[in-house]
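Peer 1:
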Amino acid sequence: MIQDTSGQDTEIQPNMGKKLRWPLVAAAAVLLVSGLVWSSVGGSQVSESIKRSELRFATLARGTLTRDIATSGKIVAANAPILYSTDQGIVTLLANPGDRVELGDVVATIESHKLTNSLKQQEALLEGMQSALERARLDARREQLKAQQTLDMAKVDLGAADRESRRGDELIQNKLISKIDFEKGKDDLYKAKLLSAHAKQEAELMRDTQTFEIKNKASEVNRQQLVVSELERQVGALNIKATVGGIIGNWLTEQKARIGQSQPILTVVDLSAFEAELAVPESYADELGLGMAVELSFGDLTLVGELSSISPEVRNREVTARVRFEQDDRLHLRQNQRLSARVLLENRPNVLMVKRGAFVSTGGGREVYAMNGDIAEQTDIQLGARSMSHIEVLQGGKAGDVWVISSIQPFNKAEQVLVR
43 MIQDTSGQDT EIQPNMGKKL RWPLVAAAAV LLVSGLVWSS VGGSQVSESI
93 KRSELRFATL ARGTLTRDIA TSGKIVAANA PILYSTDQGI VTLLANPGDR
143 VELGDVVATI ESHKLTNSLK QQEALLEGMQ SALERARLDA RREQLKAQQT
193 LDMAKVDLGA ADRESRRGDE LIQNKLISKI DFEKGKDDLY KAKLLSAHAK
243 QEAELMRDTQ TFEIKNKASE VNRQQLVVSE LERQVGALNI KATVGGIIGN
293 WLTEQKARIG QSQPILTVVD LSAFEAELAV PESYADELGL GMAVELSFGD
343 LTLVGELSSI SPEVRNREVT ARVRFEQDDR LHLRQNQRLS ARVLLENRPN
393 VLMVKRGAFV STGGGREVYA MNGDIAEQTD IQLGARSMSH IEVLQGGKAG
443 DVWVISSIQP FNKAEQVLVR
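Going from the sequence shown to our numbering is simple: count from 1 and add 42.
1) Here's a check: name, in chain order, each residue in its chain whose Cβ is nearer than 7 Å to the Cβ of A174, leaving out the five neighbours to either side.
2) Should M334 go down as buried or exposed, given a rule of 16 or more other Cβ atoms within 10 Å for buried?
3) Please list, in chain order, all residues of the same chain as S449 whose beta carbon is under 6 Å from its beta carbon, the five residues on each side excluded.
4) Could you check if V396 is buried or exposed, using at least 16 other CB atoms within 10 Å of its CB as the buried criterion?
5) State buried or exposed for K162, treating a residue as buried only when at least 16 other CB atoms are found within 10 Å of its CB.
6) Following the continuous beta strand (DSSP E) through V148, name the residue where it begins and the one where it ends.
7) From R142 to E324, what distance separates their C-alpha atoms?
8) Taking three-plus beta-carbon pairs below 8 Å as touching, is the stretch 131 to 149 in contact with the stretch 332 to 350?
9) Once you ignore the five residues that flank D129 on each side, which residues in its own chain have a CB closer than 7 Å to its CB?
10) Please tell me whether H432 and L107 are closer than 8 Å, where the distance is taken between their beta carbons.
11) Pull up the distance between the alpha-carbon of L313 and that of L97, whole angstroms please.
12) From S95, S91, R109, pick the residue whose C-alpha is nearest to that of P391; which is it?
13) Considering only the alpha carbon of each residue, which of Q451, V385, D181 lies closest to R428?
14) Reducing DSSP to helix, strand and coil, say where F340 ends up.
15) In chain order, what residues of the same chain lie with their CB nearer than 6 Å to the CB of K116, ignoring the 5 residues before and after it?
16) Assuming A284 and V149 form a contact by the criterion Cβ under 8 Å, report the distance between their Cβ atoms to the nearest whole angstrom.
17) Report yes or no: do three or more beta-carbon pairs, one from the stretch 259 to 271 and one from the stretch 218 to 235, lie closer than 8 Å?
18) For A441 and L387, which I take to be in contact (beta-carbon distance under 8 Å), what is that distance rounded to the nearest angstrom?
19) What does the Cβ neighbour count give for L200, buried or exposed, with the cut at 16 atoms within 10 Å?
20) Take S81 and list the residues in its own chain whose beta-carbon comes closer than 6 Å to its own, dropping the five residues that flank it on each side.
21) For D370, which residues in the same chain have their Cβ closer than 8 Å to its Cβ, ignoring the five residues on either side in sequence?
22) Let me confirm a value: V75 is counted as buried when at least 16 other C-beta atoms fall within 10 Å, else exposed. Which label applies?
23) Specify, as a first and last residue, the run of the alpha helix (DSSP H) that S403 falls within.
24) List, from N- to C-terminal side, the beta strand (DSSP E) runs of 3 residues or more that fit wholly inside the stretch 131 to 191.
25) In the DSSP assignment, what residue or residues form a beta bridge with Q424?
26) Between N216, G291, L375, which has its C-alpha nearest F367's C-alpha?
27) Going by DSSP, what residues sit across from E419 in a beta bridge?
28) Under 7 Å Cβ to Cβ from R94, same chain only, skipping five residues before and after it: list those, please.
29) How far does the beta strand (DSSP E) with Y326 in it extend, from its first residue to its last?
30) Using DSSP with H/G/I as helix, E/B as strand and the rest coil, what is S76?
31) Among S382, K235, A321, A178, which one has its Cα closest to the Cα of S339?
32) Let me know if I124 comes out buried or exposed under the rule of 16 or more other beta-carbons within 10 Å of its beta-carbon.
33) For P123, does the three-state DSSP call read helix, strand or coil?
34) Under DSSP, the beta strand (DSSP E) around F99 begins and ends at which residues?
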């Protein structure tokens, strides 16, 4: 009997790879179809997706854009004069920083030996000139008395000569005197008249001369009095007085220091009026103008003031500006108290604007991602004026558009991105 080959046969187990091949192919086909469907829904250019919670959005709208500058500052006294030395010498400070003073109080003194000695010398010279003036007046009275005596004697002589002349007229008619005696009497009368006239003129000239001399001496005394008065003023100014009522600020020199003329000594702070001193970035300096409105924030309280002065000097890339505002008892202001401020540069009505965000800096103000449904599309834009909260849109948008105002860096320059 011939045997079959079953004894030589080997049983082969089924290959698991072949069993899974077709299910995997089917799954890949499903994923491919899903991708094609998603691509057809999102558009052929959608390459990335971002979670909505990671983004910030804002809607474009029309309204009034207020251009402003956000800055900070401090409270300073509107009137805080610096007191200066009036002459060189040794200074004695009589009031300490923080002491209250009234208008006219002496807060410091300067010891100037040179000035005080000069005053004493000029006072002595004035006394001598006043004595000389009084002596000149006495001499004038004496000289005028002598001139008057001479005039009176001349009048007496004139009267006597006139009588003798009349007597001679009577005697010559009766031929009781000679013609020579008669003519001598007439000569005496004429001589007496001349002497009387000359005495009168001499008295008048003497009076005019004495008046002139006294007037000159009086003028010299007046000039010297002005010199003394000026020195007295300078000596009086050595007592440094408070020009306002308030408190002593800072000492600007040391106690008992030797100082020069016009050297600062101390400050006096007037507590009745304050102003805000702001530090504005140099880039905004040309846009500032006197009278501009400024919002000042003191915690929960906000006041509106106006720019009262702008410094022409730039320090540390900042310009100092002063703001005048109405005083409010609720503020309880103190020197150097900090505050925040907003300088209102311009109000622009009917402006298309959007809230400010990081898209301005990350996109350079030239691009943004605008929402079209769930798709964020890269859009070229042009921006204009800016405020603290909003920015003007010149091109690239219209009212009602929704923009992504957060940073555009997560979009990786993609033209379209799905927002999940």
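Note that the Cβ used here is the ideal one computed from N, Cα and C, for glycine as well.
Peer 2: So, from the data block:
1) Numbered from 1 along the sequence shown, position 132 holds the residue referred to as residue 174. Within the same chain, A174 has close Cβ partners K259.
2) The residue labelled residue 334 in the question sits at position 292 within the sequence shown. Buried, since its Cβ has 16 or more Cβ neighbours within 10 Å.
3) Here residue 449 corresponds to residue number 407 of the sequence shown, with the count starting at 1. The beta carbon of S449 is closer than 6 Å to those of A400, T404 in its chain, skipping five residues each way along the sequence.
4) Working through the sequence shown from its first residue, we reach residue 396 at position 354. So V396 ends up on the buried side.
5) What you label residue 162 is simply residue 120 of the sequence shown in a count that begins at 1. Result: exposed.
6) As a working note, residue 148 is residue 106 in the sequence shown. Start and end: 148 to 153.
7) Here residue 142 refers to the residue found at position 100 of the sequence shown. Here residue 324 refers to the residue found at position 282 of the sequence shown. Cα-Cα distance, rounded: 38 Å.
8) no
9) Along the sequence shown, read from residue 1 onward, the residue named residue 129 stands at position 87. The beta carbon of D129 sits closer than 7 Å to those of I152, S154, L157, Q276, L280, Q303, all from its chain and outside the five residues before and after it, given in chain order.
10) Here residue 432 is taken as the residue at index 390 of the sequence shown, counted from 1. Here residue 107 is taken as the residue at index 65 of the sequence shown, counted from 1. Their beta carbons are under 8 Å apart, which means H432 touches L107 by this criterion.
11) Start at 1 with the first residue of the sequence shown, and residue 313 comes out as number 271. Start at 1 with the first residue of the sequence shown, and residue 97 comes out as number 55. Approximately 51 Å, taken between the alpha carbons.
12) Counting from 1 along the sequence shown, the entry for residue 391 is found at position 349. Checked all of S95, S91, R109; the closest Cα to P391 is R109.
13) By 1-based counting over the sequence shown, the position of residue 428 is 386. Nearest C-alpha to R428: V385.
14) Mapped onto the sequence shown, residue 340 falls at position 298. Note: F340 maps to strand in three-state DSSP.
15) Locating residue 116 in the sequence shown gives position 74, where the first residue counts as 1. If we look at K116 and ignore the five residues flanking it on each side, its Cβ neighbours are E319, N378, R380.
16) For this step, residue 284 is matched to residue 242 along the sequence shown. For this step, residue 149 is matched to residue 107 along the sequence shown. A284 to V149, Cβ: 5 Å. Contact.
17) As far as the Cβ criterion goes, the stretch 259 to 271 does not touch the stretch 218 to 235, which means the pair count is below three.
18) Residue numbering aside, residue 441 sits at position 399 when the sequence shown is read from its first letter. Residue numbering aside, residue 387 sits at position 345 when the sequence shown is read from its first letter. No, A441 and L387 are not in contact; Cβ-Cβ is about 24 Å, not under 8 Å.
19) By 1-based counting over the sequence shown, the position of residue 200 is 158. Classification for L200: buried.
20) Residue numbering aside, residue 81 sits at position 39 when the sequence shown is read from its first letter. Reliability of the predicted coordinates at S81 is poor, the pLDDT of 46 falling under 50, and the value obtained from them is presented with this limitation in mind. Within the same chain, S81 has no close Cβ partners at all.
21) Within the sequence shown, numbered from 1, the residue matching residue 370 stands at position 328. Excluding residues within five positions, the ones whose Cβ falls inside 8 Å are L343, L345.
22) Here residue 75 refers to the residue found at position 33 when the sequence shown is read from its first residue. Here V75 scores only 41 on pLDDT, less than 50, and its place in the model should not be relied on; the value that follows carries that caveat. Looking at its Cβ environment, which holds fewer than 16 other Cβ atoms inside 10 Å, V75 is exposed.
23) By 1-based counting over the sequence shown, the position of residue 403 is 361. Segment 401 to 404, the alpha helix (DSSP H) holding S403.
24) 131 to 135, 148 to 153
25) Position 382 of the sequence shown, counted from the first residue, corresponds to residue 424. According to DSSP, Q424 bridges with Q437.
26) Taking the sequence shown and counting its residues from 1, the one referred to as residue 367 is at position 325. Taking only the C-alpha atoms, the option nearest F367 is L375.
27) Here residue 419 is taken as the residue at index 377 of the sequence shown, counted from 1. E419 is bridged to A412, Q458.
28) Residue 94 sits at position 52 when you count from the first residue of the sequence shown. Result list for R94: V461, R462, in chain order.
29) In the sequence shown, residue 326 corresponds to position 284, counting from 1. Taken as a continuous stretch (DSSP letters only), Y326 belongs to no beta strand (DSSP E), as it is neither H nor E.
30) Numbered from its first residue, the sequence shown carries residue 76 at position 34. Because the pLDDT at S76 is just 44, under 50, the model does not fix this residue reliably, and the point stays unresolved.
31) Position 297 of the sequence shown, counted from the first residue, corresponds to residue 339. For S339, the closest C-alpha among the options S382, K235, A321, A178 is that of S382.
32) Within the sequence shown, numbered from 1, the residue matching residue 124 stands at position 82. Looking at its Cβ environment, which holds fewer than 16 other Cβ atoms inside 10 Å, I124 is exposed.
33) The residue labelled residue 123 in the question sits at position 81 within the sequence shown. P123 falls in the coil class under three-state DSSP.
34) For this step, residue 99 is matched to residue 57 along the sequence shown. 99 to 101 is the extent of the beta strand (DSSP E) around F99.
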